[in-house]
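J.: Structure incoming, see below.
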Amino acid sequence: PESIPQAKYSWLGIYDVRGRMVANIGRDPASRKPLVLPELEDTSAPLTRALRNPLAVGVVDCGLISVQKQIYAMCRRAISDSRGVLPPRGVVVMLKLIGPEYIARVVKQTKLHFQLSAPENPDDQACPLCTSVIHSGIGNGRAHVQRNAEAYTFHWNLQDVLGNNISTLSMT
Numbered sequence: 312p313e314s315i316p317q318a319k320y321s322w323l324g325i326y327d328v329r330g331r332m333v334a335n336i337g338r339d340p341a342s343r344k345p346l347v348l349p350e351l352e353d354t355s356a357p358l359t360r361a362l363r364n365p366l367a368v369g370v371v372d373c374g375l376i377s378v379q380k381q382i383y384a385m386c387r388r389a390i391s392d393s394r395g396v397l398p399p400r401g402v403v404v405m406l407k408l409i410g411p412e413y414i415a416r417v418v419k420q421t422k423l424h425f426q427l428s429a430p431e432n433p434d435d436q437a438c439p440l441c442t443s444v445i446h447s448g449i450g451n452g453r454a455h456v457q458r459n460a461e462a463y464t465f466h467w468n469l470q471d472v473l474g475n476n477i478s479t480l481s482m483t
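Per this note's numbering: the sequence shown = residues 312 to 483.
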């Protein structure tokens with residue numbers, strides 16, 4: 312648990328080849344208390360099934376997930392021998408909380424205003440103002456730009472690894 316702040320992740324879980332959670336460790340970055348995410352142990356949940364799906368050796372899969380009304384950046388990779396020759400033994404999943412502290416650091420570094428809010432179209436993939444679909448290493452979603460006399464504001468409907476709209480990122 313003491314190494315988590317240095318590792319820059321909030322939670323780490325290991326799933327075996329059958330998709331069962333073998334181990335996990337996490338710490339809430341704000342409270343410094345252990346981070347427990349029982350939703351990621353429920354083998355019947357669609358999100359857990361997506362996270363523990365087998366990966367080819369050497370493949371890294373990243374995206375966004377929403378757990379306990381929090382958004383996490385997620386990356387996962389197959390567990391194999393150091394040479395990548397043997398079949399995968401399971402999957403390691405790492406999560407980074409995209410919370411207020413993280414957003415404040417990004418704002419300070421970029422000098423841009425970022426805001427995460429409820430998704431603009433939580434149940435509807437249609438977005439009348441959206442002009443493009445963005446595919447990135449951390450997530451997909453529809454986007455649009457609004458303009459007023461003072462600034463442009465970019466709105467991106469963020470989708471999780473299952474394709475659900477989980478939040479809107481606005482940047483001015």
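Each residue gets a CB set at the ideal place from its N, CA and C atoms; glycine is no exception.
Can you tell me whether THR483 is helix, strand or coil according to DSSP?
T.: In the sequence shown, the residue the question calls residue 483 occupies position 172. Note: THR483 maps to coil in three-state DSSP.
J.: Determine the closest residue to TYR463 out of ALA429, VAL347, PHE425, SER321, with distance taken between C-alpha atoms.
T.: Along the sequence shown, one-based indexing puts residue 463 at 152. Per the Cα distances, PHE425.
J.: Can you confirm whether the segment 324-335 touches the segment 344-354 when touching is taken to mean that 3 or more C-beta pairs between the two stretches lie within less than 8 Å?
T.: As far as the Cβ criterion goes, the segment 344-354 touches the segment 324-335, which means the pair count is three or higher.
J.: Within 10 Å of its beta-carbon, does LEU397 have 16 or more other beta-carbons around it, so buried, or fewer, so exposed?
T.: Taking the sequence shown and counting its residues from 1, one reaches residue 397 at position 86. Result: exposed.
J.: Name the residue from GLY401, TYR383, ARG400, ARG387 whose alpha carbon lies nearest to the alpha carbon of GLN485.
T.: The chain is shown from 312 up to 483; residue 485 falls before or after that span and cannot be answered.
J.: Looking at GLY401: is its Cβ nearer than 8 Å to the Cβ of TYR326?
T.: Translated into positions along the sequence shown, residue 401 becomes position 90. Translated into positions along the sequence shown, residue 326 becomes position 15. It is a contact, given that the beta carbons lie within the stated cut-off.
J.: Please tell me whether, using a cut-off of 7 Å, the distance from the CB of ILE336 to the nearest non-hydrogen atom of the ligand FAD is below it.
T.: The model depicted lacks the ligand FAD and carries no ligand whatsoever.
J.: Would DSSP call LYS380 helix, strand or coil?
T.: Within the sequence shown, residue 380 is the residue found at index 69, counting from 1. Note: LYS380 maps to coil in three-state DSSP.
J.: I'd like to check one pair, LEU323 with VAL403: are the Cβ atoms closer than 8 Å?
T.: Translated into the one-based positions of the sequence shown, residue 403 becomes position 92. Translated into the one-based positions of the sequence shown, residue 323 becomes position 12. Contact flag set, yes.
J.: Which class does PRO398 belong to by DSSP, given the choice of helix, strand or coil?
T.: One-based indexing of the sequence shown puts residue 398 at position 87. PRO398 falls in the coil class under three-state DSSP.
J.: Who are the Cβ neighbours of THR479 in its own chain at under 8 Å, not counting the five residues just before and after it?
T.: Residue 479 sits at position 168 when you count from the first residue of the sequence shown. Cβ neighbours of THR479 beyond the five flanking positions: LEU427, SER428, ALA429, PRO430, GLU431, HIS466, TRP467, ASN468, LEU469.
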